[in-house]
Structures are given as structure tokens and as C-alpha cells.
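Peer 1: Okay, so the sequence shown: first residue is 1 according to the numbering used here, each after it adds one. Okay, here's the structure, questions in a sec.
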Amino acid sequence: MLPYYSYRLITTLIRPFIVFYILIRILKGKEDRLRVAERYGTSDIERKEGKVIWFHAASIGESLSILPLLKKLNSDKSIDQIILTTGTLTSANILKDKLSKKIIHQFIPFDVPSYIHKFLNHWNPSLAVFVESEIWPNFLTELKKRNVCSLIVNGRMTIKSFKRWSMLSGSSKNLFSNFTACCTQNSDSAFFYEKLGIKNTINTGNLKFAYKPDEIISDELKKLRSLTKKRKIFLAASTHPGEEEIIKNITLNLKKTVKDLLTIIVPRHVTRKSFFSSSKGLGLSIRSKKQKINDRTYLYLADTIGELNIFYSLANIVFIGGSLVPHGGQNPIEAAYLGKKIYHGKNIENFIDVYDVLNQLKFTQQVENERQLEHYVKEALANPKSINKDININRLKKEGDDTVSKVLEVIYQYL
């Protein structure tokens, strides 16, 4: 990272070019053209009198993880408004039906001094809360100047990130010392943040365990259940390049011996479709093309956004992607809350603490390779009703509730 004065100078100088960057993002469908002003720190929503808390979460996963926390704060009458900023259009679309009137979603302004001043002058928060690893130097410096406490919740830092920050010990300590406190997912992260300059670090646990998916009652789920009621369903969720080939091979092999097999793939990035053009012998149906599942469909590509929980609900067993390739894994908690047995590869370093807990609760099974995954899927689908008999969802809920209580205790210390 650059020394702060250099960072501030650069972010000031690039301001004239941001309009072109925004235009490119609009053309790519990554920005809401009607809300672009928010990226410059301007809002057309009025700030209420009284106490305002500002939360910032990068995208979907981080936003969903704090919803139980926001729900608790929403019921506190001493808090007049809660601002939740994110940086992606997808997160905004998913959040719009999940927030109460008291919780206002805004797009995060770019970390440019003049935009920050507009944003903070308008909202004037009593407390700023950053989720996981969102660190914006200009924002943090300005908040400290205004005597506004800044917290990290659900903080997570790997040894790799710690070593990178440690190489810039002077700059990083100046930056991290702007935080008043940090609630971390695990004890290692608490240690790393403390070494980097945050004096008050507390291991409160992982807030992702607190997000409980809504009960799914939808016409789409009913339709899909009707179409697949006789099928044994293997779901490969949040897959990455390299994993789809593995899932296709497994499906080709298992369709010979597993009667009524249906494999559903939900890729992590739904725009990546060209790979599926070569799915001979699998009767591929593609959801975005409104192709229906029929008796000859063995592979269904669910290339839509915001429907993963529907497919979790349908599935007998689940494989979570990003784990058989060197990506670091994807979040398995939603599948766990829906009572599914979860299979995954060894590359889960981004969610290692989550998988440790789920493994203790008998939700998960690690596989080493394609052959082992095929073996487990075949074994599980031979008797699908017995797959989830050892799963304990109540213990999972308690894990999440305890974490929310611990984080709230810290928040109220500085509010």
C-alpha cells in the first residue's frame, strides 16, 4: 500500500477520470444509471434527525451476513436510521426486498476526498461499521478527524494478507489505528489485526452463521418440484472453471447406474455459458433460455441470479464449488441451513473456520478428487432419505445467535 499522503494525492488526481469509468460500468450493466450520483457522495434521500449508524459491506455475501445484526438494531427505537452501503448492483438488487424502511441502501462513493465529504456531511453517522475486510484509507482518516468511531465486524485476515500488510509496517499501522475496535471471525484474525495496530480486537465468531435463509414459498419452486418429483438431484453450486467438466463427467458416468439422476449446475458467474455447449449425451436444459426439465434432461444449467436457495431446496445432496480448483471455496452456510449434506474439495482456505464448524456438526464431507466425489454421490443417491439424518440445524442456529449477541455488545459500547 502507498503511504497515505500519496494515496490521497492519487485519489484526488483521478477524480476527473471517474466519470469515464462509471460510463463503462453502465454500458456493461454494472451500475444503476438512475443512482450514479450516490457514487459521487450525493443522495436524494433525506437524513432523519437523531442517531444514524452506517454499515458498509462489499457485496452480497457480506451484506447477507449482517442482516440478523441489522434486524436487531432496527428494533432499537433510539436508532433513527441505518445506512447500508455496498459496491455492486447485484447486491443492491438482492437487498431491496430484504430491508425495512428504517434501513437505507446506498452505493458506496469512491474513496475520493470530495465525494467522502459530501457523503459524511449528508449522513453524519454516529458510528461507522465496516464488514469483513473493507478498508478505505480516505474514509477512515476523515471519520477519525470527525471523532466518529469506526469498527470492523466479521473481520477476517489470512496469514498471506497479514504478511503483505506487515511489509508496510509504518503505513499499515497508521491506517489500522484509525479503527476503534475489531470483531473477528477467529482468534488468528484477532491476533493479526492487533499486530497491525487495532488496539481492541475481539474474537466474536462468524456472522455468516447468523444468516438464516427465508422459508422458500414460491411458484418457481413449486413448478420445479412438480417437474423433478421423481428425480434424484445432485446440485453443484457456485462452480468455477474446471469444476463443470468434473461434474459433467460424473453425470455421464452416474446416469448409467443411478436411475432418475438429475444434475443441476449453478455456476458462480452465470455469464460463463459457452462451456456448456459441449454437453452431448446429457440432454442439457438451460434455465435462462426457459428450457424445461424433461425425462431426457440429465444436466440442468441454472444460470440465473438470486435463485440458488431454490435449487438448494430441491437438491438431495450438494457440492460447493471453488474447492476442487485452487480458488479457496465458497460459502456453504445457506446449504447447511436448508439441511443439506455438503461435499467439497480441499481448497477451502477462505472458509476454513466455517467448514470446521460444519464438519463438527456432521454437515460436510471433504473429497480429494473427481473419482472420490463420484463415489460419494453414487453412495448418497442410492438411499437419499438417509443422507441428512445426522445433521443438527439447531446447533447451527445457536452458533449464529451467539455471534450476533457478542457483536451487538461491542457495537453498543461505541454507539
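By construction, the Cβ of each residue, glycine as well, lies at the ideal position given by its N, Cα and C atoms.
Please classify Ser-13: does DSSP put it in a helix, a strand, or coil?
Peer 2: The sequence as given places Leu at residue 13; Ser does not occur at that position. In the structure shown, Leu-13 sits in a helix (DSSP, three-state: H, G or I).
Peer 1: Determine contact between the region 311-328 and the region 344-352, defined as no fewer than three beta-carbon pairs at a distance below 8 Å.
Peer 2: Contact holds: three or more Cβ-Cβ distances are below 8 Å.
Peer 1: Let me know if Ser-166 comes out buried or exposed under the rule of 16 or more other beta-carbons within 10 Å of its beta-carbon.
Peer 2: exposed
Peer 1: Report the rounded CA-to-CA distance for Val-318 versus Glu-399, giving the unit in angstroms.
Peer 2: 22 Å
Peer 1: Here's a check: name, in chain order, each residue in its chain whose Cβ is nearer than 7 Å to the Cβ of Leu-64, leaving out the five neighbours to either side.
Peer 2: Tyr-211
Peer 1: Apart from the five residues just before and just after Asp-159, which ones in its own chain have a Cβ nearer than 6 Å to its Cβ?
Peer 2: Asp is not the amino acid found at residue 159; the sequence shown has Ile there. In the same chain as Ile-159, and ignoring 5 residues on each side of it, no C-beta atom comes closer than 6 Å to its own.
Peer 1: Helix, strand or coil: which one does DSSP assign to Trp-54?
Peer 2: strand
Peer 1: Would you check if the region 388-397 and the region 359-366 touch, i.e. whether three or more CB-CB distances between them fall below 8 Å?
Peer 2: yes
Peer 1: Less than 8 Å between the C-beta atoms of Arg-15 and Ser-114, yes or no?
Peer 2: yes
Peer 1: In angstroms with no decimal places, state the Cα-to-Cα distance between Phe-20 and Val-112.
Peer 2: 15 Å
Peer 1: Anyone know if the C-beta pair for Ala-181 and Tyr-414 falls short of 8 Å?
Peer 2: yes
Peer 1: In angstroms with no decimal places, state the Cα-to-Cα distance between Asp-32 and Lys-259.
Peer 2: Rounded to the nearest whole angstrom, the C-alpha separation of Asp-32 and Lys-259 is 46 Å.
Peer 1: In chain order, what residues of the same chain have a beta carbon less than 8 Å from the beta carbon of Ile-116, not counting five sequence neighbours either side?
Peer 2: Gly-41, Pro-109, Asn-138, Phe-139, Glu-142
Peer 1: Over what stretch of residues does the alpha helix (DSSP H) that includes His-117 continue unbroken?
Peer 2: From DSSP, the alpha helix (DSSP H) with His-117 extends over 113-123.
Peer 1: Buried or exposed, going by whether 16 or more other CB atoms sit within 10 Å of the CB of Phe-107?
Peer 2: buried
Peer 1: Just checking my contact of Lys-96 with His-105 at CB under 8 Å: how many whole Å lie between their CB atoms?
Peer 2: 7 Å
Peer 1: Say whether the region 119-136 touches the region 44-62, bearing in mind that this needs 3 or more beta-carbon pairs closer than 8 Å, one atom from each stretch.
Peer 2: yes
Peer 1: Would you kindly work out how many angstroms separate the C-alpha atoms of Tyr-298 and Glu-334, rounded to a whole number?
Peer 2: CA-to-CA, the gap between Tyr-298 and Glu-334 works out to about 25 Å.
Peer 1: Does the region 222-241 come into contact with the region 252-267, if we say contact requires no fewer than three beta-carbon pairs (one atom in each stretch) closer than 8 Å?
Peer 2: They touch, by the three-pair rule.
Peer 1: By DSSP's criteria, Pro-416 is part of a beta bridge. Which residues make up the other side?
Peer 2: This structure leaves residue 416 out entirely; the chain is present only between 1 and 415.
Peer 1: Determine whether the beta carbon atoms of Thr-204 and Thr-228 lie at a separation below 8 Å.
Peer 2: Contact flag unset, no.
Peer 1: According to DSSP, Asn-309 sits in a beta bridge with which residue or residues?
Peer 2: Note: Asn-309 sits in no beta bridge, so no partner.
Peer 1: 8 Å is my cut-off, CB to CB: does Val-357 come that close to chain B?
Peer 2: Within the model displayed, chain B is absent; a lone protein chain is all it includes.
Peer 1: Let me confirm a value: Asp-356 is counted as buried when at least 16 other C-beta atoms fall within 10 Å, else exposed. Which label applies?
Peer 2: exposed
Peer 1: Along the alpha helix (DSSP H) that carries Lys-223, what are the first and last residues, could you check?
Peer 2: 219-228
Peer 1: Report the option in Thr-11, Ile-24, Phe-209, Glu-243 whose CA atom is closest to the CA atom of Asn-394.
Peer 2: Phe-209
Peer 1: Can you give me the Cβ contacts of Phe-162 inside the same chain, cut-off strictly under 6 Å, excluding the 5 residues immediately before and after it?
Peer 2: Excluding residues within five positions, the ones whose Cβ falls inside 6 Å are Phe-192.
Peer 1: Are Lys-341 and Thr-257 close, meaning C-beta to C-beta below 8 Å?
Peer 2: No, the pair does not count as a contact, with Cβ atoms beyond the cut-off.
Peer 1: So, are the CB atoms of Ser-218 and Ile-293 less than 8 Å apart?
Peer 2: Cβ distance not < 8 Å, so Ser-218 and Ile-293 don't count as in contact.
Peer 1: Can you tell which of Ser-285, Ser-177, Pro-213, Asp-188 has the C-alpha that lies nearest to the C-alpha of Leu-196?
Peer 2: Ser-177
Peer 1: For Asn-74, which option in Ser-6, Gly-50, Val-367, Lys-102 has the closest C-alpha, if you only look at C-alpha atoms?
Peer 2: Closest option to Asn-74, judged by alpha-carbon separation, among Ser-6, Gly-50, Val-367, Lys-102: Lys-102.
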